[in-house]
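Numbering (the numbering used here), first residue to last: 44 to 378.
The structure under discussion appears below in the form of structure tokens.
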Ligand SMILES: [Zn+2]
Ligand SMILES: [Zn+2]
């Protein structure tokens, strides 16, 4: 009984952390900054007055649609599931320690200028962590669209037909596990290498409990990626940074938008992978997967169908997935 009580307490604190911790995307502060940016943009671009902009932003047909309601349900249910799966997660500290001792054993320590300050070591470490973390997100996300087994789980995120900031949490726990492992691997490797090279001068520049670069970008409206507000940065900036309009294209049903804009923050990976599509503040998109049924918002379908699809695929059956054709076509076009 005691473990159950402890489990419930951790669930509650995790849930509270969703809105109170700067390391979470749906942190209340980021939601507020995104709302302010959206209202200012609607008043400037769509010539709406303040009240009309607020009404447009919080329209019930988006926030209370079947799609959004299943986002909220998944947000509650995924928390305890991820807590139960957390022992399966790779420990970044264990990995960093193992790497540190391996490097110490086999590699002679490089001689870095002794006068490089702790501040600059932290700037280099924080920037490297941000860039490598972002690149690994791109490649795992791309793989999730290309490999049918992974697509059957990632597909859950793409069944969202209306986008709100909570759609970021509409992910199958298997996807959560894979992205958690990716994060631990990247952080463990970088911490191990940096501590080996710079010893105790390595610290992460953090803001609100997260990587300072990520926090600044979150304050600047990352939550608008999952929203109906098509803020585009213009072609020059969108070559470097993924705008909300670009991620919305990633969720578009239109054939020409399939398998575009896999990036999270940096657009360079999409340029290198030939998957970049520029956004437009005038774009009108239909979100979700073409031909999807309304029952796809039912929890049983969201959690169970991916396993069924996987099982069918492993037994050699053709997957009943909208994007299967999409994967084959795009792969053959690019190869
Ligand atoms: Zn995707
Ligand atoms: Zn998304």
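Glycine included, C-beta positions come from ideal geometry on N, C-alpha and C.
As the structure is a computational prediction, the values presented were derived from the model and not from experiment.
Membership of residue 307 in any alpha helix (DSSP H) is not indicated, and neither H nor E is assigned to it by DSSP. Note on residue 144: under 16 other CB atoms within 10 angstroms of its CB, so exposed under the neighbour-count rule. Taking residue 325 as reference, the option from 358, 276, 311 with the minimal CA-CA separation is 276. Of the heavy atoms belonging to ligand 1, at least one sits nearer than 7 Å to the Cβ of residue 201.
Residue state for residue 330 is assigned as strand, using DSSP reduced to three classes. One alpha carbon belongs to residue 117, the other to residue 158, and they sit about 51 Å apart. For residue 117, the enclosing alpha helix (DSSP H) stretches over residues 109-128. Linking residue 77 to residue 220 through their CA atoms gives a straight-line distance of about 27 Å. Ligand 2 never approaches residue 197 closely enough for any of its heavy atoms to be under 7 Å from the residue's Cβ.
Under the DSSP assignment, residue 88 falls in the alpha helix (DSSP H) whose first and last residues are 71-88.
Counting only runs that start and end inside the region 186-240, the alpha helix (DSSP H) elements of at least 4 residues fall at 191-201. For residue 98, the enclosing alpha helix (DSSP H) has its first and last residue at 93-100.
Each residue's CA atom was taken as its position, placing residue 63 and residue 297 some 37 Å apart. Counting along the chain, the unbroken alpha helix (DSSP H) around residue 139 starts and ends at 135-149. The three-state secondary structure of residue 254, taken from DSSP, is strand. Secondary structure of residue 324 (DSSP, three-state): coil. Secondary structure of residue 260 (DSSP, three-state): helix. Residue 66 carries a coil assignment under DSSP once its states are collapsed to helix, strand and coil. With contact defined as three or more Cβ pairs closer than 8 Å, the region 195-203 and the region 160-174 are not in contact.
When distances are taken from the beta-carbon of residue 210 to the heavy atoms of ligand 2, the shortest one is below 7 Å. Residue 284 is bridged by DSSP to 309.
Taken atom to atom, the span from the alpha-carbon of residue 119 to that of residue 214 is near 12 Å. Measuring C-alpha to C-alpha distances from residue 234 to each of 138, 46, 71 identifies 138 as the nearest. For the 8 Å CB-CB criterion, residue 292 and residue 300 form a contact. Counting of Cβ neighbours within 10 angstroms places residue 141 among the exposed residues, the total staying below 16. For residue 274, no alpha helix (DSSP H) encloses it, and the DSSP letter there is neither H nor E. In the structure shown, residue 270 falls within a coil segment according to DSSP collapsed to helix, strand and coil. As the crow flies, the alpha-carbon of residue 210 is around 44 Å from that of residue 147.
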